[in-house]
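Beneath this line is the structure, given in C-alpha cells, with notes to follow.
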Amino acid sequence: MEEERLERGGGGRNRGRFGSGKDPVLPRKPGWRFYAAFGCLCVVNLVCALDATSLAVALPIVAKDLHGTAIEAFWSGTSFLLTATVFQPSFASLSHVFGRKPMILLALTFFTAGGIIAALSKDFAVLLVGRSVQGVGGGGISALTYVIVTDMVTLKERGKWFGLITMMWAFGSVVGPVIGGVLAVKVTWRWIFWINIPFCGVAFLAIPPFLRLKPKEGRIVDKIKTVDWVGSFLFIASLTSILIPLTWGGVMYPWLSWRVTIPLQTGILGLVLFIVWSNYSSVEPILRGSLFKDPTALASYFGTIVHGMFLWSTLYYMVSFCHEPVAHSP
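At position 283 of the sequence shown the residue is numbered 283 (the UniProt record's numbering), and the sequence of numbers has no breaks.
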C-alpha cells in the first residue's frame, strides 16, 4: 500500500514519508501552508486542553444544577479521560489505512458533537455521554497530531515542533481552570462547552485546504480488511475493564469487592490476549511490540504516566478541597 505523503511548503516534488527508514525529503524552509496546517493543529490541541481542564473547577456548580452527586460530577471528567485513553491507538492505526486527514476530521467531529451534547444536557446521564464522545475525539486529536507532525518534519526537527504542541497543552492546562471558573460563576457552566464550537468550526474549514495530504489509494473494502479490528476491540475493552474498577475501588465499592476484582482480572486477561494476538496476527497490529523494547521509550512512557497521575488527580482533588473544607467558590 502506498504510504501517505505530506507537502510541507507547497513544493510538489518534496514530500515526506511516514514510517520510512530515512528522514523525509522536505524543503529547507517551510512555506505558509506548513505554518497554516501546524497552526490548525495547535488550535485544536489548545481547545482540547481547555476542555479537559476547565470543567473540573465547575463541578460543584454542575452537580447542583443537574441535581447530581459528587461521584457523578467527578465521572464527567473520568469519562472524558477514559475514552481519550483507550481510543488513541485506534485512531493512529486507522490513519495508516484511511489517511491522516479523514481521521483528524473524524476525531474533530466526535469532539464537536460531544461538546454540543454536553452543553445541551439536562441530566448527568446525557452529560456523561457527551463527555465520553468528546473524549473519543480528544484522544484522536492528541494522537493524530503527533503522527501528522512526524509526517511534516524531519527527525532532527521534531523535538522543536513537538515542544510547541506540548506548550499548547501546558497553556491550556493552566488557563483552562481559570476560564472554567469564570464562565461557571459569571455566565453558565454550559459555555465551557459552547466556547469551543467556533474554534472547531474554524478547524473544520482550515484543515482540508491547508493540510495537504495525498489520499490513500485503494478500494474501501480492501482498506477495511487491513484494519486490526480484533486487536482494537481487545485493547479498548481490556483497558476499559481495568480503568473503570480502578476509579470505583475505595470510592463506590471496597477494593476487594467482586465489582472491582472481577473487571480487573478480566481486563488483565484481555490485555494478555491482546499481546498474543498482536504478535501472531497476520494484520498490522495497532501497537507494535517494538515500541516497548527501547529503554528510552519505556522511560518516556513511565514519565508520561507519572505526569498524568499528578496532573489530573491534583486538578480534580483541589476542586473538592477548595470547595468543601476551605469553602471557596470556583
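Ideal Cβ positions, reconstructed from N, Cα and C, are used throughout, including at glycine.
Classification of residue i by the beta-carbon crowding that lies within 10 angstroms, buried from 16 upward
{"i": "A297", "result": "exposed"}
{"i": "M103", "result": "buried"}
{"i": "P305", "result": "One detail in the question is off: residue 305 reads as Ile in this sequence, not Pro. Its Cβ having fewer than 16 others within 10 Å, I305 is exposed."}
{"i": "L183", "result": "buried"}
{"i": "V97", "result": "buried"}
{"i": "R212", "result": "buried"}
Sub-8 angstroms separation of residue i and residue j beta-carbons
{"i": "A56", "j": "G180", "result": "yes"}
{"i": "T83", "j": "S132", "result": "yes"}
{"i": "V126", "j": "I236", "result": "no"}
{"i": "F74", "j": "L94", "result": "no"}
{"i": "I242", "j": "G218", "result": "no"}
{"i": "G135", "j": "L205", "result": "no"}
Reduced DSSP category for residue i - H, G, I as helix; E, B as strand; rest coil
{"i": "residue 336", "result": "Residue coverage of the chain in this structure runs from 1 to 330, which leaves residue 336 outside it and unanswerable."}
{"i": "L264", "result": "helix"}
{"i": "L287", "result": "coil"}
{"i": "L59", "result": "helix"}
{"i": "G250", "result": "coil"}
{"i": "L213", "result": "strand"}
{"i": "T112", "result": "helix"}
{"i": "K293", "result": "coil"}
{"i": "W191", "result": "helix"}
{"i": "M318", "result": "helix"}
Cα-Cα separation, residue i to residue j
{"i": "G115", "j": "F193", "result": "5 angstroms"}
{"i": "W189", "j": "S54", "result": "10 angstroms"}
{"i": "F162", "j": "V62", "result": "35 angstroms"}
{"i": "F210", "j": "V147", "result": "16 angstroms"}
{"i": "R100", "j": "W312", "result": "29 angstroms"}
{"i": "N196", "j": "T112", "result": "8 angstroms"}
{"i": "G270", "j": "V230", "result": "11 angstroms"}
{"i": "Y253", "j": "M168", "result": "37 angstroms"}
{"i": "E144", "j": "L106", "result": "The question names Glu, yet the displayed sequence has Leu at residue 144. Rounded to whole angstroms, L144 to L106 spans 11 angstroms at the Cα level."}
{"i": "L234", "j": "T240", "result": "10 angstroms"}
{"i": "V47", "j": "V251", "result": "31 angstroms"}
{"i": "W255", "j": "T261", "result": "7 angstroms"}
Check: residue i C-beta below 7 angstroms from any heavy atom of the ligand ATP
{"i": "I244", "result": "With respect to small molecules bound, the structure shown includes none, and the ligand ATP cannot be examined in it."}
Contact belief for residue i with residue j at Cβ below 8 angstroms, rounded distance in angstroms
{"i": "L66", "j": "D123", "result": "6 angstroms"}
{"i": "I220", "j": "N45", "result": "Wrong, their Cβ atoms sit about 29 angstroms apart, outside the cutoff."}
{"i": "R259", "j": "W277", "result": "That pair is no contact at about 27 angstroms."}
{"i": "C40", "j": "A170", "result": "No, C40 and A170 are not in contact; Cβ-Cβ is about 19 angstroms, not under 8 angstroms."}
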